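Undergrad: Mind looking over this structure? Questions follow.
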Amino acid sequence: MARAAARRPLKVKTRVPAVLIRAAQLLAAVGKRTIAVILFLGLWEVAPRIGLVDRTFLVPFSEAVKALIELARDGRLWDNTQASLSRSLAGFGIAIGIGVPLGLLIGWYRPVAEFLGPLLELFRNTAALALLPVFILLLGIGETSKIAIVVFACTWPILLNTVSAVRGVDAVLVKSARSMALPAPRLFAKVILPASVPTIFTGIRLAGSGSILVLIAAEMVGAKAGLGYLVNVSQQNFAIPQMYAAIIAISVIGLVFNQLLVALERRLTRWRPAAGA
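Using my numbering, read the sequence shown as starting at 377 and increasing by one per residue.
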């Protein structure tokens with residue numbers, strides 16, 4: 377028995393390094409998030425090649441990527457992207473400068489809300505693109521009208537979410553601060569504003585995506601540069617691969633812009649407990 381026991385191999389317990397576990401979890405999470413995108417791109421590549429759709433009007437994904445590379449090489453992609461980003465960021469920044477302070481004012485002071493409420497209800501339900509001809513007539517067909525339409529489109533989600541954020545602050549927090557005789561300016565700065573940041577950023581993220589979408593549509597009317605102009609000109613010239621290449625560029629820019637806003641939101645709201653904690 378002693379000899380048999382001596383011949384048995386010893387079982388050594390091995391511990392998987394925490395770094396490998398985290399890497400595996402990260403890969404699994406990335407895989408879950410990207411599998412739908414991979415399937416979509418695969419379908420896009422295969423469908424025109426096997427005749428499910430007319431290849432004249434929907435080129436394979438690989439051909440669109442080749443056209444995107446060609447546009448990048450000859451400089452047209454960068455020129456049009458720069459034109460679109462400058463307009464979008466200008467309008468987006470102005471909208472934040474208008475929407476956040478005005479929303480804080482409306483949410484905090486009832487007389488201001490009662491005074492401006494009817495006017496806001498009138499304009500918030502007006503589609504931005506429906507006013508594009510008005511902006512062109514008043515401001516011309518140049519840069520000003522395009523930036524103005526972005527400002528109009530982006531202001532409303534920022535403004536309305538800011539108002540909702542201020543009014544939705546936990547009443548217990550406000551009463552507790554007032555019970556300590558906290559002055560109104562400090563109450564606003566220390567309680568109302570920090571508690572409102574997450575909801576305000578929801579509006580900012582919605583406005584960020586809207587700034588690109590509205591601008592692209594506006595650039596299809598009377599613009600001489602921009603990604604919307606590139607899509608429109610490519611379609612008119614029947615340069616279908618270039619058209620899809622511009623659409624891909626728009627999608628990538630929107631995705632990157634949204635992720636930057638998410639990262640900024642996380643940085644500004646680090647005080648919040650993590651979800652599920």
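Even glycine gets a Cβ: it sits at the ideal position worked out from N, Cα and C.
What you are looking at is a predicted structure, and each value in this text was computed from that prediction instead of being measured.
#1: Mapping the DSSP letters down to three states, classify Asn613 as helix, strand or coil.
#2: From Val413, Phe433, Leu419, pick the residue whose C-alpha is nearest to that of Phe614; which is it?
#3: When you compare only the Cα positions, how much space is there between Phe633 and Ser555?
#4: Between the stretch 417-435 and the stretch 561-577, can you find at least three pairs of beta-carbon atoms closer than 8 angstroms?
#5: How would you write the range of the alpha helix (DSSP H) that Ala506 sits in, first residue to last?
#6: What number of angstroms, rounded off, separates the C-alpha of Ile534 from the C-alpha of Ala541?
#7: Can you give me the Cβ contacts of Gly427 inside the same chain, cut-off strictly under 8 angstroms, excluding the 5 residues immediately before and after it?
#8: Using a Cβ-Cβ cutoff of less than 6 angstroms, which residues in the same chain neighbour Ala547 once the five nearest sequence positions on both sides are dropped?
#9: Given a cut-off of 8 angstroms on the beta-carbon distance, is the pair Ile472 and Ile629 in contact?
#10: Within 10 angstroms of its Cβ, does Tyr605 collect 16 or more other Cβ (buried), or is it exposed?
#11: Write down the C-beta distance between Val539 and Phe468 rounded to the nearest angstrom, noting that I regard them as a contact closer than 8 angstroms.
#12: Answer yes or no: do Asn456 and Ala601 have a C-beta to C-beta separation smaller than 8 angstroms?
#13: On the three-state DSSP scale, how would you describe Thr645?
#14: Using a 10 Å radius around the Cβ and a threshold of 16 neighbouring Cβ atoms, would you call Met377 buried or exposed?
#15: Determine the direct distance from the alpha carbon of Ala459 to that of Ala625, and round the result to whole angstroms.
#16: Rounded to the nearest angstrom, what separates Leu478 and Arg431 at their Cα positions?
#17: Evaluate contact between the stretch 582-596 and the stretch 514-529, counting only Cβ atoms and requiring at least three cross-stretch pairs below 8 angstroms.
#18: CB-CB under 7 angstroms to Glu519, same chain, minus the five flanking residues each way: which ones, in chain order?
#19: What's the C-alpha gap between Ala524 and Pro487?
#20: Indicate whether Pro617 and Ala443 have their beta-carbon atoms separated by less than 8 angstroms.
#21: Using three-state DSSP, classify Gly652 as helix, strand or coil.
#22: Can you name the start and end residues of the alpha helix (DSSP H) that Leu453 belongs to?
#23: So for Thr432, helix, strand or coil by DSSP?
#24: Looking only at its own chain, which residues have a Cβ that is under 7 angstroms from the Cβ of Lys408, when we skip the five neighbours before and after it?
#25: I need the straight-line Cα distance from Ile411 to Ala621, nearest angstrom please.
#26: Spatial neighbours of Ala466 within its chain, please: C-beta separation below 6 angstroms, excluding the five flanking residues on both sides.
#27: Assign Ile576 to one of two classes, buried (16 or more other C-beta atoms within 10 Å of its C-beta) or exposed (fewer than that).
TA: A quick look at the data gives this:
#1: coil
#2: Phe433
#3: 42 angstroms
#4: no
#5: Annotation for Ala506: no alpha helix (DSSP H) segment contains it, and DSSP assigns it neither H nor E.
#6: 10 angstroms
#7: none
#8: If we look at Ala547 and ignore the five residues flanking it on each side, it has no Cβ neighbours.
#9: Not in contact: Ile472 and Ile629 (Cβ atoms no closer than 8 angstroms).
#10: buried
#11: With a Cβ gap of about 19 angstroms, Val539 and Phe468 do not count as contacting.
#12: yes
#13: coil
#14: Confidence is the limiting factor: at Met377 the pLDDT is only 48, short of 50, which leaves the residue's position unreliable, though a coordinate-based value still follows. So Met377 counts as exposed.
#15: 13 angstroms
#16: 50 angstroms
#17: yes
#18: The beta carbon of Glu519 sits closer than 7 angstroms to the beta carbons of Arg463 from its chain, once the five residues preceding and following it are set aside; these are given in chain order.
#19: 28 angstroms
#20: yes
#21: Because Gly652 sits at a pLDDT of 44, beneath the cut-off of 50, its placement in the model cannot be relied upon, and the following sentence gives the value as read from the coordinates. In the structure shown, Gly652 sits in coil (DSSP, three-state: anything other than H, G, I, E or B).
#22: 452-484
#23: In the structure shown, Thr432 sits in coil (DSSP, three-state: anything other than H, G, I, E or B).
#24: Hits under 7 angstroms: none found.
#25: 22 angstroms
#26: Ile523
#27: Per the 10 Å Cβ criterion, buried.
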